[in-house]
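A.B. asks: For the sequence shown, the numbering used here begins at 937 and goes up steadily by one.
Even for Gly, the Cβ is constructed at its ideal location relative to N, Cα and C.
This structure is a prediction, so every number in the text was calculated from the model and none was measured.
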Amino acid sequence: MSRDEHHGDVAEAEAGWAKAAAQAGTELRELTQVDELGTLAATLTEIWGSSVPMMSGELLRAMSRAGSYVVGAYSDGRMVGGCVGFHEEPEARALHSHIAGVLPGQVGRGVGYALKLHQRTWALKRGIATIEWTYDPLVARNAYFNIAKLGARPVEYLTNFYGPMNDAINGHDDSDRVLVRWELQSPAARAAGSGRSLPGASPSDRAVHVALPDDIEAMRAGDHAGARAWRIRVRDRLHPLLAEGWRVVGFDRAAGYHLEPPTSTGDTR
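(1) Going by beta-carbon coordinates alone, are L976 and M990 separated by less than 7 Å?
(2) Give every residue of the same chain whose Cβ lies closer than 8 Å to the Cβ of A954, excluding the five residues on either side of it in the sequence, and list them in chain order.
(3) Does the beta-carbon of I1064 have 16 or more other beta-carbons within 10 angstroms, so that it is buried, or is it exposed?
(4) Less than 7 Å between the beta carbons of S1033 and G1021, yes or no?
(5) Tell me the DSSP bridge mates of L1053?
(6) My parser needs the beta strand (DSSP E) runs of 3 or more residues fully inside the segment 996-1021; what are they?
(7) Does at least one heavy atom of the ligand FMN sit under 6 Å from the Cβ of V1007?
(8) Go ahead and pull the three-state DSSP assignment for D1072.
(9) Rounded to a whole number of angstroms, what is the C-alpha to C-alpha distance between G1008 and R1077?
(10) Can you name the start and end residues of the beta strand (DSSP E) that A1036 belongs to?
(11) How should L1060 be labelled, buried or exposed, when 16 other C-beta atoms within 10 angstroms of its C-beta is the threshold for buried?
(12) Would you call S1133 buried or exposed, if buried means 16 or more other Cβ atoms sit within 10 Å of its Cβ?
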């Protein structure tokens, strides 16, 4: 890629996140000061409803100083969300997005979308080609956001990745996660970055689907056994498919994950 092409990509990405932030009514900024990093630590803990800090202000201070991605989202002068990521090994040219969240009362405004587009721009400026992160594969709204909205692709199933997590979101469940990879120059990422609809994938005759519950978080609060059964069901289905090279090429709320076999050409993104 030429220097002019790189500058053009960054400029397009800048315009994309700025538009998304304006539509969400939020201001995004990198955080460097002790007080604002402490506010981010408190905000993340509030989002997760945890009895212990998700990340300390001291750790965030060190990460910011070391050149990691540490960003807060503000609405009417109040922090309503944030995102933190760190560099992977140099050869990978990738950023690992460790945590991102928005306060419950702010969900659905597009703040999370603006944060991810900002993170994409930040990475492109630094010559980073890929962002990776994990999410709970049972949470349908997050699966939709990551796959259908951003164009990221699940690449690995990680069983009980963090160990049991005692917070309002995870509800003492095993912390199974799916690792997703966001190729920042892919057609899907470019479309997401400029606010366009992502290209769809036509299913082949070998495609399979893995369904999810409508709202696993509500189920965890009232039906722990049912939530546990869903965890095992999806783990037993999705884990081997990803391990065998099946590709998640789409997600919809009715059918769940849409997977194609390794030899299929169903994904054109």
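C.D. replies: Walking through what the data contain:
(1) Contact flag unset, no.
(2) Within the same chain, no Cβ atom closer than 8 Å to the Cβ of A954 is found once the five residues on either side in sequence are excluded.
(3) Around the beta carbon of I1064, 16 or more other beta carbons lie within 10 angstroms, which makes this residue buried.
(4) Taking 7 Å as the Cβ cut-off, S1033 and G1021 qualify as a contacting pair.
(5) BP columns for L1053 are empty, so no partner.
(6) Entirely contained in the segment 996-1021, the beta strand (DSSP E) runs reaching 3 residues are, in chain order, 1005-1011.
(7) In terms of ligand content, the structure shown is empty, and the ligand FMN therefore cannot be addressed.
(8) If DSSP states are grouped into helix, strand and coil, D1072 belongs with coil.
(9) Roughly 22 Å between the two C-alpha positions.
(10) In the DSSP assignment, A1036 falls within the beta strand (DSSP E) that extends over 1030-1038.
(11) Buried, by the Cβ-count rule.
(12) Exposed.
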